[in-house]
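Below is one structure, written out as structure tokens; comments come after it.
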Amino acid sequence: MSWLLKLLKRMKTSSLTQKQLYKCLAQNLGRVNAERFISLMIAEPFDYTKWRENLYEGMSIRELSNAAQQFCDEQDSKNF
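When you read off a place in the sequence shown, starting at 1, and then add 950, the result is the number in our numbering.
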């Protein structure tokens, strides 16, 4: 349960999340392709709920919990 508390403490504001996502896209795709990707996401209807239905398909609760714990541990190591 401690991983959940750590995760909740790291929740960010929408604007901070948007800035970090754009930075990530720009670093990995380049500015022009990042803008193209954002334009596509805005233009195309996207049902997040349907997309997430299969996101963790085939993973057990234990595997999902372990993945979440590993993510938190990696974030902790980046912050120190």
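The beta-carbon is built from N, C-alpha and C at its ideal position, and this holds for glycine as well.
For residue i, the nearest candidate out of the options (CA to CA)
{"i": "Phe-987", "options": "Pro-995, Leu-975, Phe-996", "result": "Leu-975"}
{"i": "Ala-949", "options": "Asp-997, Tyr-998, Gln-968, Thr-999", "result": "Limits of the chain in this structure are 951 at one end and 1030 at the other, which puts residue 949 out of reach."}
{"i": "Met-991", "options": "Gln-977, Asn-1004, Tyr-972", "result": "Tyr-972"}
Residue i (DSSP reduced to helix, strand or coil)
{"i": "Glu-1007", "result": "coil"}
{"i": "Thr-999", "result": "helix"}
{"i": "Arg-1012", "result": "helix"}
{"i": "Met-991", "result": "helix"}
{"i": "Arg-981", "result": "helix"}
{"i": "Arg-960", "result": "coil"}
Integer Cβ distance of residue i from residue j, believed to fall under 8 Å
{"i": "Trp-953", "j": "Gln-1019", "result": "5 Å"}
{"i": "Cys-1022", "j": "Leu-957", "result": "6 Å"}
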